[in-house]
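The structure under discussion appears below in the form of structure tokens.
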Amino acid sequence: MSSLDFIIIFIYFSVLVVIGIIGTIKAKTSEVYLLAGRNLGVFMVFGCLTAVFLGGSSTIGSAQLGYESGFSGVWFVFSMGLGITLFGLLLLKRVMGFNLMTISELLGKLFNVESKLVGAVISAIYALMVSVTQVIAIGALLSAIFNWDLILSMLIGGGVVFFYTILGGMWSVTMTDIIQFVIMTAGIFLIMLPNSLSAVGGFGELTSQLPSSYFDFSAIGFKEIIKYVLTFTLGMMVGQDIWQRFFTAKNLKTARTGGILVGIYSFLYSMAMVIIGMCALVILPNIQDTQNVFSSMAFETLPTGLLGIVFAAVAAAIMSTASGTLLASSTLIAKDILKDHFFKGITDRQFLLLSRGTTMIISIIAIIIALWIQELLVAIDVAYALLAGAIFIPIVFGLFWKRATAKAAFYSILVSSAVVLGGLAIEGLSSSNPILYGIAANIVVMILLSLTDKTNKGNREVREKMEASS
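Be aware that the sequence shown starts at 70, since it is given in this note's numbering, and climbs by one per residue.
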């Protein structure tokens with residue numbers, strides 16, 4: 070990389086730090102700090118939703134899948150975007166009527182404090198582990214670019230992200246997300262994709278160089294597609310980081326439109342990334358570690374200046390996910406655990422300070438875990454599996470079935486969590502079957518306990534009021 074490329078990346082990081090400092094001034098209430106004042110328009114909601122779920126694994130992983138299997142690699146990212154769109158179309162209207170900040174807060178309103186607490190713990194762990202993987206990813210990227218030690222790279226990359234998140238909360242995260250969304254879009258669609266296709270002689274030449282299976286959307290197999298849908302589509306529908314972005318919208322129509330646009334964009338983005346990976350297979354057919362497909366292709370095809378922009382785009386994808394999931398985890402802990410159980414009756418100013426302090430502590434924990442494991446482990450798969458297997462069913466039953474009870478929700482979460490973890494231990498951490506087992510156990514416990522529990526009329530009344538207002 071040239072001096073110009075380094076300067077571009079340095080300027081990008083400096084802008085993020087400045088936004089964090091400005092965010093300290095802007096975020097004067099807890100609602101602004103956690104939800105950006107609930108006043109964002111369609112483009113802002115769309116950009117923020119896109120930025121938070123398109124992380125390093127989505128970008129680098131899609132290029133890797135394109136290199137290995139072609140078009141069918143789109144299911145990885147598209148299944149995530151599909152989950153966001155389905156949440157906007159199917160659940161959002163009912164959820165927004167509660168004026169929530171967190172997903173576990175909904176469990177508390179529909180059921181009881183025990184369900185709320187266990188939901189907060191599971192959701193917070195999920196968000197924290199996603200943030201950890203992004204710290205590792207940004208560290209690996211900076212280490213490759215600047216030839217720094219990996220630990221130093223994680224400290225600097227993670228430090229910048231957490232700096233602006235701690236200071237400005239959702240206001241800073243929103244501003245940086247929009248910048249990162251624009252950089253991601255320009256870097257991938259306007260620079261990397263055209264240069265990759267040009268390097269192989271165009272799309273027509275690409276089709277003649279690769280086997281027909283690379284242009285088959287089902288080539289990875291039905292089982293793998295189902296795994297993506299179960300893990301990522303359901304996981305996104307009940308992810309705190311996703312809900313928190315929807316809650317920043319100024320109204321339901323704005324939020325729903327943003328969610329629909331995310332589904333469309335996720336397909337286009339994943340197609341762009343897998344095509345880049347396919348082009349890499351033609352130009353660089355002997356890449357040993359396929360996780361390096363994207364970076365190898367960038368170094369091979371991009372001139373000075375453009376290389377810096379594209380690596381800034383990858384950094385943007387990673388950092389936007391890291392900041393969003395960090396804030397999601399700290400919000401769950403600050404509001405649904407600390408405030409509700411240990412700091413009852415505090416003022417909004419005190420809650421703002423508590424939220425900032427919690428975000429700082431979670432940041433430190435995330436960096437420590439990242440430094441400890443130093444590689445992208447399957448912990449993220451476990452987190453998604455728990456989220457989809459344990460939280461999805463109670464939320465859906467609570468919103469759509471009047472007879473669902475608090476006792477049933479609490480025990481269904483506990484039982485399904487145990488089933489998912491047990492299944493992963495027996496069948497392996499990459500298996501999607503434990504999610505199915507968890508969902509099945511969840512449904513059975515929810516129905517059986519709800520039908521035999523006659524003590525929870527209050528929760529039925531809550532749902533009836535919700536339906537009347539929706």
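Glycine included, each C-beta is placed from N, C-alpha and C at the ideal position.
Exercise. From Pro354, Val84, Phe258, pick the residue whose C-alpha is nearest to that of methionine 336; which is it?
Worked result: Sequence check: residue 336 is phenylalanine here, not methionine. Among Pro354, Val84, Phe258, the Cα nearest to that of phenylalanine 336 belongs to Phe258.
Exercise. Between the region 301-319 and the region 152-169, do at least 3 Cβ pairs fall closer than 8 Å?
Worked result: Short answer: they touch.
Exercise. Can you tell which of Tyr453, Asn168, Ile225, Ile495 has the C-alpha that lies nearest to the C-alpha of tyrosine 195?
Worked result: Sorting Tyr453, Asn168, Ile225, Ile495 by C-alpha distance to the C-alpha of tyrosine 195 places Tyr453 at the top.
Exercise. Since serine 184 contacts alanine 478 with CB under 8 Å, what's their CB separation in whole angstroms?
Worked result: Indeed, because the Cβ distance is near 5 Å, the residues count as touching under 8 Å.
Exercise. How many angstroms separate the CA atom of alanine 385 from the CA atom of tyrosine 506?
Worked result: So the two alpha carbons sit approximately 36 Å from each other.
For this session: Leaving out five residues on either side along the sequence, give the residues of the same chain with a beta carbon under 7 Å from the beta carbon of isoleucine 80.
Result: Apart from sequence neighbours up to five positions away, no residue of its chain approaches isoleucine 80 with a beta-carbon distance below 7 Å.
Exercise. For threonine 171, is the classification buried or exposed, using 16 other Cβ atoms within 10 angstroms of its Cβ as the cut-off for buried?
Worked result: So threonine 171 ends up on the buried side.
Exercise. Using the beta-carbon count (16 or more within 10 Å), is glutamate 100 buried or exposed?
Worked result: With 16 or more Cβ atoms within 10 Å of its Cβ, glutamate 100 is classed as buried.
Problem set entry | contact_flag[the region 417-427, the region 206-213] where n(CB pairs < 8 Å) is 3 or more | The answer is no - the region 206-213 does not touch the region 417-427, with fewer than three Cβ pairs under 8 Å.
Exercise. For the alpha helix (DSSP H) that contains threonine 400, what are its first and last residues?
Worked result: Run containing threonine 400: 375-400, per the alpha helix (DSSP H) assignment.
Exercise. Using the C-alpha atoms, what's the distance from glycine 393 back to glutamate 174?
Worked result: Rounded to whole angstroms, glutamate 174 to glycine 393 spans 18 Å at the Cα level.
Exercise. Can you give the Cα-Cα distance for phenylalanine 301 and isoleucine 295, rounded to whole angstroms?
Worked result: Each residue's Cα considered, the two are about 10 Å apart.
Exercise. Taking C-beta to C-beta, are glycine 557 and valine 343 nearer than 8 Å?
Worked result: Since the first residue shown for the chain is 70 and the last is 539, residue 557 is missing from the structure and cannot be characterised.
Exercise. How big is the Cα-Cα spacing for serine 83 and glutamine 203?
Worked result: Roughly 19 Å between the two C-alpha positions.
Exercise. Once you ignore the five residues that flank aspartate 74 on each side, which residues in its own chain have a CB closer than 6 Å to its CB?
Worked result: Excluding sequence neighbours, aspartate 74 sits near Leu376, Gly377.
Problem set entry | C-alpha distance - methionine 149 paired with phenylalanine 122, whole-angstrom precision | One C-alpha to the other measures close to 7 Å.
Problem set entry | Residues that alanine 318 bridges to, as DSSP identifies them | Its beta-bridge partners are Leu109.
Exercise. Tell me which same chain residues have a C-beta within less than 8 Å of the C-beta of tyrosine 102, skipping the five on either side of it?
Worked result: So the qualifying residues of the chain are Ala96, Gly237, Gly238, Met239, Trp240, Leu421, Ser424, Arg425.
Exercise. Unbroken alpha helix (DSSP H) runs of length 4 or more, entirely within the region 232-285: which are they?
Worked result: List check, alpha helix (DSSP H) in window: 262-269, 272-278.
Problem set entry | Inside the region 115-144 only - alpha helix (DSSP H) runs reaching at least 4 residues | Qualifying alpha helix (DSSP H) stretches, in chain order: 125-138.
For this session: Please report how far the alpha carbon of lysine 292 lies from the alpha carbon of glycine 374, in whole angstroms.
Result: Cα-Cα distance, rounded: 42 Å.
Problem set entry | Span of the alpha helix (DSSP H), counted from its first residue to its last, around isoleucine 436 | For isoleucine 436, the enclosing alpha helix (DSSP H) begins and ends at 417-442.
For this session: Compare the beta carbon distance of glycine 346 and glutamine 133 with 8 Å and say whether it is the shorter of the two.
Result: Yes, these two residues count as a Cβ contact at 8 Å.
Exercise. Using the beta-carbon count (16 or more within 10 Å), is serine 277 buried or exposed?
Worked result: Answer is exposed; the Cβ neighbour count stays below 16.
Problem set entry | Alpha-carbon spacing of leucine 330 relative to isoleucine 220, whole angstroms | The alpha-carbon separation between leucine 330 and isoleucine 220 amounts to approximately 37 Å.
For this session: Please state whether DSSP places leucine 85 in a helix, a strand or coil.
Result: Here leucine 85 carries a helix assignment [DSSP, helix/strand/coil].
For this session: Determine the DSSP secondary structure at proline 356, reduced to helix, strand or coil.
Result: Per the sequence shown, residue 356 should be read as isoleucine rather than proline. DSSP places isoleucine 356 in coil when its eight states are reduced to three.
Exercise. Cα separation between glycine 497 and glutamine 360?
Worked result: Glycine 497 and glutamine 360: Cα-Cα distance of roughly 22 Å.
For this session: Any chance you could list the alpha helix (DSSP H) runs of at least 4 consecutive residues sitting entirely within the region 285-346, in chain order?
Result: List check, alpha helix (DSSP H) in window: 291-297, 303-306, 309-315.
Problem set entry | Rounded straight-line distance, which links the Cα of methionine 253 to that of isoleucine 225 | Cα to Cα, the separation comes out at about 21 Å.
Exercise. For threonine 98, which residues of its own chain have a beta-carbon under 7 Å away from its beta-carbon, when the five flanking residues on both sides are left out?
Worked result: Result list for threonine 98: Asp417, Leu421, in chain order.
Exercise. Grouping DSSP H, G and I as helix and E and B as strand, with all else coil, what is glutamine 209?
Worked result: At residue 209 the sequence reads alanine, which differs from the glutamine that was named. Residue state, collapsed to three classes: helix.
For this session: Please classify phenylalanine 412: is it buried, with 16 or more other beta-carbons within 10 angstroms of its beta-carbon, or exposed?
Result: Counting Cβ neighbours within 10 Å, phenylalanine 412 comes out exposed, since fewer than 16 surround it.
Problem set entry | Span of the alpha helix (DSSP H), counted from its first residue to its last, around asparagine 502 | Counting along the chain, the alpha helix (DSSP H) containing asparagine 502 begins and ends at 502-521.
Problem set entry | Boundaries of the alpha helix (DSSP H) in which threonine 412 is found, first to last residue | Residue identity check: residue 412 is phenylalanine in the sequence provided, not threonine. It is not in any alpha helix (DSSP H) - phenylalanine 412 carries neither H nor E in the DSSP assignment.
Exercise. If you drop the 5 nearest sequence neighbours on each side, which residues of the same chain put their C-beta closer than 7 Å to that of aspartate 522?
Worked result: Once the five neighbours on either side are set aside, the close Cβ partners of aspartate 522 are Thr474, Lys476, Ala477.
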